[in-house]
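Participant:
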DNA sequence: TAAGAATATAACCGCTCAGTTAAATAGTCA
DNA sequence: TGACTATTTAACTGAGCGGTTATATTCTTA
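Chains as they are written, first to last, in the numbering used here: chain A, 1 to 116; chain B, 117 to 232.
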């Protein structure tokens with residue numbers, strides 16, 4: 001029932017993952033998860049340099065992950081792809097699960113248990 | 117209800133995405149989705165060079181995405197993280213949706229409609 | 001028009017990484 | 001042991017990318 005994904009899709013998919021494969025971009029996306037923000041605000045929240053944030057925002061925009069809106073001197077960005085939150089949710093869940101497994105294993109070693 | 121993800125998670129998450137941000141590795145993972153395979157078989161199915169596949173398999177193994185099993189001369193690899201299939205499903209769905217939207221837009225332009 | 005603020009761009013550097021080629025390792029079988 | 005097979009590893013190269021610094025652009029306001 002599940003179709004194998006065609007070769008032509010491998011590269012665009014890899015490109016999408018590539019966009020998410022950088023801590024700074026993830027920090028920017030996380031910042032935008034709580035709503036549309038101008039560049040300066042994103043700079044504040046991520047603690048990265050202005051030029052750096054601007055550069056990454058441009059990449060994210062080109063990739064179609066964030067949308068751009070200009071208003072006077074400021075430029076506002078917002079998430080523009082439902083993919084982002086879904087992916088982050090899944091990866092985060094997996095990391096949490098992984099961490100929990102490690103803890104449980106440790107507890108078992110100590111002869112203890114917690115709800116698994 | 118949704119907790120913001122902590123800074124310490126950004127890098128490991130980025131690393132995970134990085135593993136998926138390469139067409140060859142995606143091809144390898146796709147190959148392994150139909151079951152455990154030895155290196156030579158993966159080489160065949162992906163059409164990449166043997167050394168290249170071996171290198172990527174090592175990376176995927178180090179990242180915990182695939183498991184390794186040795187049997188005589190051959191080495192068998194298999195998917196070892198539920199994350200992989202989940203992520204690929206989501207990305208593929210999104211790409212399909214995106215493609216469908218484009219088609220629909222085109223149909224609308226032509227004054228036609230199909231089930232949306 | 002001049003000054004200043006918000007954002008974008010250009011140039012540069014160091015590093016990582018994908019792919020290739022060639023050699024090494026490990027296991028099988030005669 | 002020696003030939004042969006499957007896989008791994010080492011060394012190298014070229015391209016891409018993240019970050020910084022400095023400069024440019026765009027818009028507002030006085």
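The beta-carbon is built from N, C-alpha and C at its ideal position, and this holds for glycine as well. The structure displayed is predicted, hence computed values, not measured ones.
Going by DSSP, what residue range makes up the beta strand (DSSP E) through residue 183 of chain B?
Facilitator: Where residue 183 of chain B is concerned, the enclosing beta strand (DSSP E) stretches over 182-187.
Participant: Can you tell me the Cβ-Cβ gap for residue 65 of chain A and residue 84 of chain A, rounded? I've got them flagged as a contact below 8 Å.
Facilitator: Correct: roughly 6 Å between the Cβ atoms.
Participant: Taking the beta carbon of residue 70 of chain A as the centre, do at least 16 other beta carbons fall within 10 Å, making it buried, or is it exposed?
Facilitator: Label assigned to residue 70 of chain A: exposed.
Participant: Output yes if chain A places a C-beta closer than 8 Å to the C-beta of residue 189 of chain B; else output no.
Facilitator: No, because no Cβ of chain A sits closer than 8 Å to the Cβ of residue 189 of chain B.
Participant: Residue 164 of chain B by DSSP, collapsed to three states: which one?
Facilitator: Residue state, collapsed to three classes: coil.
Participant: Could you give the distance in angstroms between the alpha-carbon of residue 97 of chain A and the alpha-carbon of residue 142 of chain B?
Facilitator: For residue 97 of chain A and residue 142 of chain B, the distance between alpha carbons rounds to 23 Å.
Participant: Taking the alpha-carbon positions, what's the residue 129 of chain B to residue 194 of chain B distance?
Facilitator: Using only the alpha carbons, I get a separation of about 22 Å.
Participant: Tell me, to the nearest whole angstrom, how far the beta carbon of residue 132 of chain B is from that of residue 91 of chain A; I am working on the premise that it is less than 8 Å.
Facilitator: About 6 Å; that satisfies the 8 Å criterion.
Participant: Is the shortest distance between the beta-carbon of residue 206 of chain B and the beta-carbons of chain A less than 8 Å?
Facilitator: Chain A contact via Cβ: present.
Participant: Return the Cβ separation of residue 140 of chain B and residue 177 of chain B in integer angstroms, given the expectation that the two are a contact with Cβ distance under 8 Å.
Facilitator: Not really, about 15 Å apart at Cβ, beyond 8 Å.
Participant: Using only alpha-carbon positions, find the residue among B/191, B/196, B/203 that is nearest to residue 153 of chain B.
Facilitator: With distances taken between Cα atoms, residue 153 of chain B lies closest to B/191.
Participant: Nearest by alpha-carbon distance to residue 121 of chain B: which of A/34, A/6, A/9, A/48 is it?
Facilitator: Per the Cα distances, A/34.
Participant: Closer than 7 Å: is that where the CB of residue 128 of chain B sits relative to any heavy atom of the ligand COA?
Facilitator: What this structure holds is no ligand at all, so the ligand COA is not there to describe.
Participant: Which residues in chain B have a C-beta closer than 7 Å to the C-beta of residue 86 of chain A? List them in chain order.
Facilitator: Chain B residues near residue 86 of chain A: 206.
Participant: To the nearest angstrom, how far is the alpha carbon of residue 7 of chain A from that of residue 196 of chain B?
Facilitator: Distance between the alpha carbons of residue 7 of chain A and residue 196 of chain B: 23 Å.
Participant: How many whole angstroms separate the CB atoms of residue 135 of chain B and residue 183 of chain B, which I take to be in contact at a CB cut-off of 8 Å?
Facilitator: Not a contact, Cβ separation roughly 15 Å.
Participant: Within this structure, are the beta carbons of residue 203 of chain B and residue 29 of chain A separated by less than 8 Å?
Facilitator: No, they are not a contact pair.
Participant: Where DSSP assigns a beta bridge to residue 78 of chain A, which residues make up the other side?
Facilitator: DSSP lists A/67 as partners of residue 78 of chain A.
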